[in-house]
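Chains as they are written, first to last, in this note's numbering: chain A, 1 to 385; chain B, 1 to 292.
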């Protein structure tokens with residue numbers, strides 16, 4: 001019962017109240033005697049059963065007293081044993097025994113479990129604590145920074161003896177909040193908002209420094225930024241600035257898209273021009289070679305019989321021309337200058353199939369340049385009323 | 001026998017009671033002040049089992065660990081530019097001199113903290129009044145805290161307390177000032193947004209203009225090279241023609257002319273108005289007599 005009470009001699013903060021214990025002890029004693037059915041109104045009348053009971057009782061008390069020294073250190077814990085209030089030893093996990101009260105006492109400390117404390121919110125980011133999160137930046141803007149700190153107890157002795165910690169979450173939260181505010185206070189708003197890991201790193205270093213200075217025995221595991229936001233009042237403006245950034249990137253990529261469209265096309269056009277030119281060159285040369293070869297052959301024959309060949313060539317050519325074209329034979333000497341030729345009619349007739357505009361042609365067959373003058377003819381027509 | 005046992009028990013009990021009034025343990029975390037009829041006899045600063053005279057001496061335990069004093073609310077403090085700031089801080093303190101601590105505040109933590117709170121407030125006011133917002137927020141934050149610590153520590157020694165650290169937590173604008181800060185932030189963002197959009201448009205224009213320029217250059221250069229190539233071809237062709245035709249220029253003129261006539265008049269749309277007196281019609285009207 002009271003002796004086996006887990007509070008007893010174990011987790012007491014500060015020294016146990018001796019008077020209180022004595023009172024309890026005496027109560028217990030009285031009740032035990034009473035329970036045996038041999039109430040001792042005076043010790044003078046005690047007999048054998050009382051004697052046996054007494055021995056038994058003393059033995060029992062001693063056994064219980066010694067037994068109260070057993071305790072268990074859980075897997076993630078260390079036991080800190082104090083002898084008369086002075087640190088005696090650190091015990092590892094497992095069942096242990098210390099000398100019972102009032103000689104020794106033990107306190108177990110969790111040294112492996114990661115503990116976590118949130119600043120700016122509790123449990124969930126929605127559950128905001130604005131007075132913790134609102135911070136001033138170096139350029140005198142206001143931001144809301146919510147973050148979480150993970151830590152564990154590395155040195156149970158320091159953890160127990162150096163600081164009055166009480167609630168270790170609150171203890172770390174205070175340190176972390178102060179450190180974060182100091183870091184944010186030296187950083188400008190854009191860095192805090194958009195490079196928060198950098199801020200977290202700096203804050204982490206500062207937090208550890210402070211924890212070390214207080215000899216808290218706590219080691220910081222990490223600092224996680226949960227949320228960094230501009231205050232609600234200016235959120236819209238910040239959002240718009242972010243959109244503007246996207247607009248800028250979009251416009252840049254639009255420009256690049258245009259460039260990526262235009263330049264390859266231009267390169268294509270350039271390649272086409274060059275190929276065409278190359279084609280022109282080759283074809284012109286080939287034609288020249290062909291023409292030259294042909295001419296050489298003909299000229300060879302021509303040289304053998306110039307007169308006949310010449311006439312034959314001339315007549316062949318004329319025949320070919322006249323057989324394909326529309327002809328008008330006009331003997332000017334018999335007519336006058338105002339000869340009327342319905343050229344347009346002729347044109348229409350011949351242009352029945354082709355859409356292309358017909359073009360009147362003048363030729364000076366062979367070597368008689370003064371015979372027919374189409375131009376004069378046309379001029380004459382135009383000159384008519 | 002039973003009488004002896006009973007007597008033994010009683011003796012043991014009495015001994016226990018006397019011992020419990022005589023011995024006391026001093027915890028690792030504590031100092032013990034031994035008082036004799038209200039007067040301090042000694043201060044036990046080392047942990048362990050200690051003895052005192054029962055009944056006339058009693059013991060007061062003083063926690064020696066570092067404690068935290070957190071100011072309950074933010075204080076409104078004015079900086080050197082007369083701007084109201086909400087300031088929140090905490091103080092790490094511990095009992096350095098248990099005797100002094102007992103004498104001055106009766107080892108009463110509440111009383112000690114009330115005194116410290118007063119010191120902190122005065123200290124904060126003094127430090128902030130001579131500094132600008134910039135200084136207290138970023139520039140001289142550490143100096144403010146260190147100077148506060150020193151000053152408060154000096155005063156606190158009087159009550160046996162050592163100041164381990166003073167930390168500023170919140171240093172914020174008061175609500176009234178905050179509104180103008182928001183406005184300023186908003187305008188700053190508007191400026192940033194405009195600048196970004198303008199740069200975006202400018203960049204786009206620049207990139208497109210550059211692309212157009214490149215396009216022009218590429219095509220013009222290609223044109224140049226193409227013309228050069230064509231010229232080479234034309235020149236080569238001209239050379240070939242010249243070489244071939246120079247063997248008989250007169251015949252070439254005749255031959256080429258015939259080709260040209262054939263090429264020029266080859267459809268029904270070409271109308272020829274002819275004079276029968278031309279060379280071609282030499283025999284048309286006059287069959288001749290053989291030979292010219």
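Ideal Cβ positions, reconstructed from N, Cα and C, are used throughout, including at glycine. This structure is a prediction, so every number in the text was calculated from the model and none was measured.
Report the CB separation of residue i from residue j in whole angstroms; it is logged as a contact under 8 Å.
{"i": "residue 255 of chain B", "j": "residue 313 of chain A", "result": "7 Å"}
{"i": "residue 31 of chain B", "j": "residue 44 of chain B", "result": "7 Å"}
{"i": "residue 111 of chain A", "j": "residue 76 of chain A", "result": "7 Å"}
{"i": "residue 172 of chain A", "j": "residue 149 of chain A", "result": "6 Å"}
{"i": "residue 81 of chain A", "j": "residue 109 of chain A", "result": "Not a contact, Cβ separation roughly 12 Å."}
{"i": "residue 69 of chain B", "j": "residue 90 of chain B", "result": "6 Å"}
{"i": "residue 233 of chain B", "j": "residue 281 of chain A", "result": "3 Å"}
{"i": "residue 386 of chain A", "j": "residue 137 of chain A", "result": "Nothing can be reported for residue 386 of chain A, as the shown portion of chain A is limited to 1 through 385."}
{"i": "residue 189 of chain A", "j": "residue 139 of chain A", "result": "6 Å"}
Quickly, what does DSSP pair residue i with across the bridge? List them, please.
{"i": "residue 136 of chain A", "result": "A:142"}
{"i": "residue 79 of chain A", "result": "A:91, A:108"}
{"i": "residue 85 of chain B", "result": "B:77, B:173"}
{"i": "residue 293 of chain B", "result": "Because chain B spans 1 through 292 in this model, residue 293 of chain B falls outside it and cannot be assessed."}
{"i": "residue 93 of chain B", "result": "B:67, B:163"}
{"i": "residue 51 of chain B", "result": "B:23"}
{"i": "residue 267 of chain A", "result": "Answer is none; residue 267 of chain A lacks a bridge partner."}
Is the separation between the beta-carbon of residue i and that of residue j shorter than 7 Å?
{"i": "residue 69 of chain A", "j": "residue 99 of chain A", "result": "yes"}
{"i": "residue 107 of chain B", "j": "residue 162 of chain B", "result": "no"}
{"i": "residue 182 of chain B", "j": "residue 234 of chain A", "result": "yes"}
{"i": "residue 124 of chain B", "j": "residue 164 of chain B", "result": "no"}
{"i": "residue 297 of chain B", "j": "residue 80 of chain B", "result": "As displayed, chain B neither begins before 1 nor continues past 292, which places residue 297 of chain B out of reach and without an answer."}
{"i": "residue 151 of chain A", "j": "residue 220 of chain A", "result": "yes"}
{"i": "residue 100 of chain B", "j": "residue 38 of chain B", "result": "no"}
{"i": "residue 85 of chain A", "j": "residue 96 of chain A", "result": "no"}
{"i": "residue 199 of chain A", "j": "residue 187 of chain A", "result": "yes"}
{"i": "residue 65 of chain B", "j": "residue 163 of chain A", "result": "yes"}
{"i": "residue 207 of chain B", "j": "residue 255 of chain A", "result": "yes"}
{"i": "residue 245 of chain A", "j": "residue 191 of chain B", "result": "no"}
{"i": "residue 258 of chain B", "j": "residue 327 of chain A", "result": "no"}
{"i": "residue 273 of chain A", "j": "residue 226 of chain B", "result": "yes"}
{"i": "residue 67 of chain A", "j": "residue 159 of chain A", "result": "no"}
{"i": "residue 169 of chain B", "j": "residue 177 of chain A", "result": "yes"}
{"i": "residue 240 of chain B", "j": "residue 267 of chain A", "result": "no"}
{"i": "residue 261 of chain B", "j": "residue 298 of chain A", "result": "no"}
{"i": "residue 144 of chain B", "j": "residue 98 of chain B", "result": "no"}
{"i": "residue 59 of chain B", "j": "residue 34 of chain B", "result": "yes"}
{"i": "residue 285 of chain B", "j": "residue 276 of chain B", "result": "yes"}
{"i": "residue 229 of chain A", "j": "residue 127 of chain A", "result": "no"}
Should residue i be labelled buried (16 or more other beta-carbon atoms within 10 Å of its own) or exposed?
{"i": "residue 124 of chain A", "result": "exposed"}
{"i": "residue 113 of chain B", "result": "buried"}
{"i": "residue 287 of chain B", "result": "exposed"}
{"i": "residue 15 of chain B", "result": "exposed"}
{"i": "residue 26 of chain B", "result": "buried"}
{"i": "residue 45 of chain A", "result": "Its pLDDT being 43, under 50, residue 45 of chain A is placed unreliably by the model, and nothing is read from it."}
{"i": "residue 135 of chain A", "result": "buried"}
{"i": "residue 284 of chain A", "result": "buried"}
{"i": "residue 3 of chain B", "result": "exposed"}
{"i": "residue 53 of chain B", "result": "exposed"}
{"i": "residue 94 of chain A", "result": "exposed"}
{"i": "residue 73 of chain B", "result": "exposed"}
{"i": "residue 213 of chain A", "result": "exposed"}
{"i": "residue 342 of chain A", "result": "exposed"}
{"i": "residue 224 of chain B", "result": "exposed"}
Using the beta-carbon of each residue, which ones in chain B are nearer than 8 Å to residue i?
{"i": "residue 121 of chain A", "result": "Within 8 Å Cβ-Cβ: nothing; residue 121 of chain A doesn't reach chain B, min ~16 Å."}
{"i": "residue 59 of chain A", "result": "None at all; the shortest Cβ gap to chain B is about 12 Å."}
{"i": "residue 263 of chain A", "result": "211, 214, 215, 218"}
Determine the chain B residues that contact residue i at a beta-carbon separation under 7 Å, and present them in chain order.
{"i": "residue 273 of chain A", "result": "222, 223, 226"}
{"i": "residue 312 of chain A", "result": "Ordered by position in chain B, no residue passes the 7 Å Cβ test against residue 312 of chain A, which lies about 11 Å from the chain."}
Compute the minimum distance between the beta carbon of residue i and the heavy atoms of the ligand HEM, and state whether it is under 6 Å.
{"i": "residue 154 of chain A", "result": "Only the bare structure without any ligand can be found here, which leaves the ligand HEM out of the picture."}
Could you tell me which chain A residues have their CB closer than 8 Å to the CB of residue i, listed as they occur along the chain?
{"i": "residue 245 of chain B", "result": "292, 295"}
{"i": "residue 182 of chain B", "result": "142, 231, 233, 234"}
{"i": "residue 135 of chain B", "result": "Those do not exist, as residue 135 of chain B stays about 11 Å from chain A at its closest Cβ, beyond 8 Å."}
What does residue i reach in chain B if we use C-beta pairs closer than 9 Å?
{"i": "residue 82 of chain A", "result": "25, 27, 28, 47"}
{"i": "residue 281 of chain A", "result": "229, 230, 231, 232, 233, 234, 236, 237"}
{"i": "residue 68 of chain A", "result": "Under the 9 Å cutoff, chain B gives no residues; its nearest Cβ is about 16 Å from residue 68 of chain A."}
Starting from residue i, find everything on chain A with Cβ-Cβ shorter than 7 Å and list it in chain order.
{"i": "residue 138 of chain B", "result": "138, 185, 186"}
{"i": "residue 70 of chain B", "result": "174"}
By the criterion of Cβ-Cβ separation under 9 Å, what are the contact partners of residue i in chain A?
{"i": "residue 266 of chain B", "result": "320, 321, 324, 325"}
{"i": "residue 248 of chain B", "result": "295, 299, 302, 303"}
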